[in-house]
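Written out below as structure tokens is the structure these notes cover.
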Amino acid sequence: MAVTGNRSGSAFGSLVMALSGALVATQAGAAEYALHGYVREYLSLNLEDKPEPNAHGERIGGAGQLSMARTVLKLDADAKFDSFYVKAVGRFSRENRTPYLEELEKAAQAGAFPGGSIVKDKYNEESLRELYVGFDVGSSAHLILGKQQVVWGESDFFRATDIVNGFDLRWRAIERENEETRSPLWLANLSVDVPYTEGQLQFIFRPGWDRARDVITQRDLFGSRDSGAGYRGVNSLGSAPNNFHNPAGDTDDANYGVRWTHSLFDHALDYSLLYYRGLNREAIVNSTGIEASTITVGNPFGVAAQPMGTAPRNGISEIIYPKIDIFGLTFTSDISSQALVLRGEVAYVPNQPYNVGTNFNLALPGVFFGGPPGSVVPLGNVPGLGGIIEKATLRPMIGFDKTIRWTQNVLKTQRPSLWTVEIFDQWILNHRRSDDIVEVFGYGAAAREHQPIFTTTLTLNYDHDHINPSIALLYDLNFGDAILIPAVDYKFGDHWRFYAEATINLPAHGVKKRQSDVENDTHLLGLGGNNSQLLFRATYLF
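Here my numbering is used: the first residue of the sequence shown is 44, the next is one more, and so on.
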């Protein structure tokens with residue numbers, strides 16, 4: 044069921060109805076009513092040239108050009124009645140088709156699988172993001188019904204247990220304000236206080252009414268500004284389209300979860316235990332591709348990869364989102380004597396799907412085209428097209444938030460600053476090299492048993508918290524790839540907010556420069572190679 048239509052009237056019409064209802068109630072004296080929101084402008088500038096080919100086979104380039112000019116209007120309405128409350132959030136976004144985006148779009152149109160309009164089809168939106176009602180059920184339970192966000196987890200950059208909602212990362216791959224990219228879903232969200240324990244049980248049920256793409260994590264797979272290295276100007280969704288209704292994972296199916304939260308040692312340790320039955324949020328490529336080396340005189344048709352669920356509709360590949368089980372634990376502990384909050388989380392997935400085939404050479408049997416047995420029609424090297432394997436996986440994170448005082452003397456901050464550190468790992472249990480798991484589909488690097496990533500952020504405060512510089516670092520402990528993010532947030536008066544941020548990609552090795560490159564040096568944090576950005580954002584709050 045589509046909850047956001049293609050026309051602006053469908054989404055904002057629902058929002059206007061919600062606002063009108065709240066306003067009528069307010070005028071009748073039956074509710075407390077609040078309406079707020081913002082108008083925001085994003086401008087993003089390329090800091091590097093792109094080596095991928097454009098529509099004419101020349102380098103795309105693009106350094107110094109605008110990669111984003113995005114205008115957003117967000118409305119947030121609340122109405123509180125005696126026994127329940129209603130919330131509605133709508134967002135209207137429009138982007139300009141900058142010359143750089145036009146160049147990427149033309150490159151994709153000139154490829155083997157042309158796509159549509161990037162700006163119109165992927166970036167512009169008119170959405171009713173949230174619409175829900177909340178009320179108490181008896182004296183110990185609270186129920187929220189409607190389209191909403193549910194946040195589980197303790198990590199900032201890498202999400203192990205924040206698993207209920209999908210994310211829309213198509214327009215911005217790294218966004219610190221997660222609520223802007225998290226995709227709200229239609230949910231029943233029941234919280235029950237358990238007597239004599241000071242604990243709480245939370246039950247989540249998703250009936251499957253959502254627009255399919257809102258359930259998963261959407262990424263730039265259509266060749267635009269946040270595509271991975273080597274794939275800018277390449278519409279990967281043309282060769283591997285989304286199949287949201289594969290029997291292995293259907294976005295129309297119901298999902299559900301439960302979470303227990305509690306405190307120990309006189310509230311010195313807060314923890315939660317959780318379980319969720321839902322879809323794998325990240326894309327997995329389902330394949331029936333044939334490896335060239337399997338085509339022989341004795342077997343002229345070769346051996347096709349084994350698909351999961353049903354075979355791809357195009358006969359070779361499609362993206363699916365298999366259903367998985369997630370067991371998780373989170374904790375926080377306030378160690379006041381050290382001005383430190385220790386926190387962590389771990390997610391265990393017994394059936395995590397991965398793509399395999401780090402050096403998969405896709406081919407068609409020559410006999411299909413009148414060739415002799417054993418002849419091959421090569422289609423290129425496509426890492427990951429060798430099929431899908433399921434492995435038990437742990438995703439632990441340990442970190443802390445610490446208040447540090449030395450910045451007042453050294454950097455002249457007005458108050459102590461916040462220093463955050465996290466170490467995240469993806470641990471593939473019973474890992475074997477012979478599994479030949481790819482770290483990222485489309486790139487030849489093999490996944491290791493452990494994939495540890497270190498992140499740290501330092502936030503400073505000046506002028507009574509009106510000027511807040513920060514710097515963040517993401518560092519791959521295996522391969523040395525890094526992303527550096529210096530930023531400054533400026534508050535001007537009651538209404539204006541200005542933000543500037545640089546995303547500086549620092550791959551330790553060379554990265555893929557075009558889709559056809561055969562290489563194994565591009566890793567997760569190297570996907571942004573040759574794509575450093577400078578972002579400016581202005582917001583007017585009302």
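In this text, a Cβ means the ideal position worked out from N, Cα and C, and glycines have one as well. Model, not experiment: these values are computed from the prediction.
Within 9 Å, strictly: CB atoms of residue i and residue j
{"i": "residue 512", "j": "residue 272", "result": "no"}
{"i": "residue 583", "j": "residue 552", "result": "no"}
{"i": "residue 319", "j": "residue 305", "result": "no"}
{"i": "residue 247", "j": "residue 323", "result": "no"}
{"i": "residue 338", "j": "residue 345", "result": "yes"}
{"i": "residue 425", "j": "residue 479", "result": "no"}
{"i": "residue 392", "j": "residue 368", "result": "yes"}
{"i": "residue 545", "j": "residue 90", "result": "yes"}
{"i": "residue 230", "j": "residue 187", "result": "yes"}
{"i": "residue 205", "j": "residue 226", "result": "no"}
{"i": "residue 520", "j": "residue 496", "result": "yes"}
{"i": "residue 471", "j": "residue 498", "result": "no"}
Residue of the options minimising C-alpha distance to residue i
{"i": "residue 361", "options": "484, 476, 472, 523", "result": "484"}
{"i": "residue 529", "options": "542, 341, 316, 266", "result": "542"}
{"i": "residue 160", "options": "540, 147, 366", "result": "147"}
{"i": "residue 446", "options": "440, 565, 464, 430", "result": "464"}
{"i": "residue 150", "options": "367, 94, 295", "result": "94"}
{"i": "residue 234", "options": "383, 185, 281", "result": "185"}
{"i": "residue 178", "options": "189, 353, 168, 287", "result": "189"}
{"i": "residue 254", "options": "462, 440, 108, 287", "result": "287"}
{"i": "residue 568", "options": "558, 536, 579, 548", "result": "548"}
{"i": "residue 181", "options": "162, 127, 433", "result": "127"}
{"i": "residue 449", "options": "461, 440, 439", "result": "461"}
{"i": "residue 280", "options": "366, 158, 174", "result": "158"}
{"i": "residue 558", "options": "574, 440, 575, 487", "result": "487"}
{"i": "residue 502", "options": "493, 492, 221, 516", "result": "516"}
{"i": "residue 115", "options": "267, 170, 571", "result": "170"}
DSSP three-state assignment for residue i, whether helix, strand or coil
{"i": "residue 224", "result": "helix"}
{"i": "residue 252", "result": "coil"}
{"i": "residue 155", "result": "coil"}
{"i": "residue 556", "result": "coil"}
{"i": "residue 408", "result": "strand"}
{"i": "residue 533", "result": "strand"}
{"i": "residue 476", "result": "helix"}
{"i": "residue 146", "result": "helix"}
{"i": "residue 349", "result": "coil"}
{"i": "residue 581", "result": "strand"}
{"i": "residue 369", "result": "strand"}
{"i": "residue 381", "result": "helix"}
{"i": "residue 360", "result": "strand"}
{"i": "residue 176", "result": "strand"}
{"i": "residue 162", "result": "helix"}
{"i": "residue 335", "result": "helix"}
{"i": "residue 267", "result": "coil"}
{"i": "residue 452", "result": "helix"}
{"i": "residue 568", "result": "helix"}
{"i": "residue 573", "result": "coil"}
Burial state of residue i (16 or more Cβ within 10 Å)
{"i": "residue 307", "result": "exposed"}
{"i": "residue 106", "result": "exposed"}
{"i": "residue 283", "result": "buried"}
{"i": "residue 585", "result": "exposed"}
{"i": "residue 481", "result": "buried"}
{"i": "residue 408", "result": "buried"}
{"i": "residue 172", "result": "buried"}
{"i": "residue 473", "result": "exposed"}
{"i": "residue 395", "result": "buried"}
{"i": "residue 290", "result": "exposed"}
{"i": "residue 239", "result": "exposed"}
{"i": "residue 292", "result": "buried"}
{"i": "residue 536", "result": "exposed"}
{"i": "residue 350", "result": "buried"}
{"i": "residue 455", "result": "exposed"}
{"i": "residue 125", "result": "exposed"}
Same chain, Cβ closer than 6 Å to residue i, neighbours up to 5 away in sequence not counted
{"i": "residue 270", "result": "263"}
{"i": "residue 11", "result": "With the chain covering only 44 through 585, there is no way to say anything about residue 11."}
{"i": "residue 321", "result": "298"}
{"i": "residue 386", "result": "197, 375, 442"}
{"i": "residue 113", "result": "85, 138"}
{"i": "residue 523", "result": "551"}
{"i": "residue 162", "result": "138, 140"}
7 Å Cβ shell around residue i - same chain, five flanking residues per side excluded
{"i": "residue 303", "result": "242, 244, 315, 316"}
{"i": "residue 218", "result": "224"}
Same chain only: Cβ atoms within 8 Å of residue i, ignoring 5 sequence neighbours per side
{"i": "residue 405", "result": "332, 333, 334, 335, 359, 421, 422, 423, 424, 425, 428"}
{"i": "residue 444", "result": "383, 384, 386, 461, 462, 463"}
{"i": "residue 378", "result": "384, 385"}
heavy atom of the ligand PLP below 8 Å from residue i C-beta
{"i": "residue 372", "result": "Among the ligands in the structure shown, none appear at all, so the ligand PLP cannot be discussed."}
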